[in-house]
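Peer 1: In our numbering, the protein residues as written are -6 to 309.
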Ligand SMILES: NC(=O)c1ccc[n+]([C@@H]2O[C@H](COP(=O)([O-])OP(=O)(O)OC[C@H]3O[C@@H](n4cnc5c(N)ncnc54)[C@H](OP(=O)(O)O)[C@@H]3O)[C@@H](O)[C@H]2O)c1
């Protein structure tokens, strides 16, 4: 079994999810965590990845590295989204299997599920229907990773696990309005509205779609939980179990930031799917549950935003 001296490799530790995993493990005393930046190790290079894992022989690999991006980026670079993500995960998973690494935790996202899945989305709905076309390139790469993990578990009885988180937010999020997700975009818009004394802030869509959010430190704790426990299944959703409308979310963020002006909804902009909630019952039966409520989580994220707004850490 794993212990606090076990060598753990976190791939993609500079990212939002990887940095949360690093915090979660350090916080409980893991003392032998290894990391490599992209300039030190390009994970699309199979030979370099194999040599690195052979040299280091970690007990576990946590794979949070990925080429991630929004609709626009997926649309412009479909080949890179499909190829680079398959390369990164294939290189890490095959090195782990060939070098007999004990544990592998593969991170994907809930976009792997069909566009019209019944709600809340259960793990069994994978491949039950067509994907959302805009991010199919990314989703297909991630689905192939999920299937590799499942195949290794089935054929070689490996304790390898895939985790599919819902929408995440928290430190190291992307606050660039051209590419950011809804929560960091709202936070930045209200912040700018406040500091620039704007009488109104314009938001996209009707505000009616419902979405689920999880603080990335809760995901970090889910990864820690899975690292320390022999898991019975290969695929787990990781969510907060609660959704709310974008309108409700915007009110929470407006209050947190302290913006006093008016919210204008630009209904000419698309709403996207009306509701997206994943079913996290399976991982909750394994003993993990989230602990950061949305209001506290947003307040912590705004504190982080303010503390990092001028530094290069924040991607503005
Ligand atoms: N953010 C969310 O809301 C969310 C929600 C659900 C699931 N997830 C999943 O969580 C995982 C991580 O997402 P994230 O938001 O943390 O992304 P992120 O902040 O962009 O981090 C990804 C990391 O991967 C690294 N990376 C990419 N290509 C690499 C390569 N060829 N060689 C070495 N390193 C490479 C990046 O390095 P650089 O820093 O050098 O670019 C970056 O540090 C993804 O699988 C994603 O689907 C995220």
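No residue lacks a Cβ here, since even glycine has one placed at the ideal position from N, Cα and C.
This structure is a prediction, so every number in the text was calculated from the model and none was measured.
#1: In chain order, what are the residues with a CB under 5 Å from some non-hydrogen atom of ligand 1?
#2: Is it right to say residue 272 is buried, meaning 16 or more other beta carbons lie within 10 angstroms of its own, or is it exposed?
#3: On a Cα-Cα basis, can you pick out the residue from 287, 218, 299 and 6 that is closest to residue 32?
#4: Restricting to Cα atoms, I'd like to know which of 243, 210 and 296 is closest to residue 286.
#5: Rounding to the nearest angstrom, what Cα-Cα distance links residue 105 and residue 157 in this structure?
#6: Quick one: what does DSSP say residue 41 is sitting in, helix, strand or coil?
#7: Just to confirm, are residue 52 and residue 95 a CB contact at a threshold of 8 Å?
#8: For residue 303, count the other beta carbons within 10 Å of its own beta carbon; 16 or more makes it buried, fewer makes it exposed. Which is it?
#9: Going by C-alpha to C-alpha distance, which of 28, 61, 57 and 58 sits closest to residue 45?
#10: For residue 19 and residue 261, I'd like the C-alpha separation in whole angstroms.
#11: Could you check if residue -6 belongs to the surroundings of ligand 3, using beta carbon to heavy atom distance under 7 Å?
#12: Inspect the beta-carbon positions of residue 231 and residue 180 and report whether they are closer than 8 Å.
#13: With a cut-off of 8 Å on the beta carbons, I'd call residue 17 and residue 154 a contact; round off their distance for me.
#14: For residue 64, which residues from the same chain have a beta carbon less than 6 Å from its beta carbon, with the 5 sequence-adjacent residues on both sides left out?
#15: Label residue 139 either buried or exposed according to how many other C-beta atoms from any shown protein chain fall within 10 Å of its C-beta, with 16 as the threshold for buried.
#16: Is the segment 216 to 228 close to the segment 284 to 300, with three or more CB pairs under 8 Å?
#17: I'd like the list of long-range same chain contacts for residue 281, defined as Cβ closer than 6 Å, with 5 residues on each side in sequence excluded.
Peer 2: Taking the definition as stated:
#1: 5, 7, 8, 9, 10, 31, 35, 36, 37, 57, 58, 59, 61, 100, 102, 158 and 161
#2: Under this definition residue 272 is a buried residue.
#3: 6
#4: 210
#5: 8 Å
#6: helix
#7: yes
#8: exposed
#9: 28
#10: Residue 261 has its alpha-carbon roughly 46 Å from the corresponding atom of residue 19.
#11: By its list of ligands, the structure shown excludes ligand 3, since it contains just ligand 1.
#12: no
#13: The pair is not a contact, with the Cβ atoms about 16 Å apart (cut-off 8 Å).
#14: 127
#15: Burial call: buried.
#16: no
#17: If you ignore the 5 residues before and after residue 281, its C-beta comes within less than 6 Å of the C-beta of 215 and 218, all in its own chain and listed in chain order.
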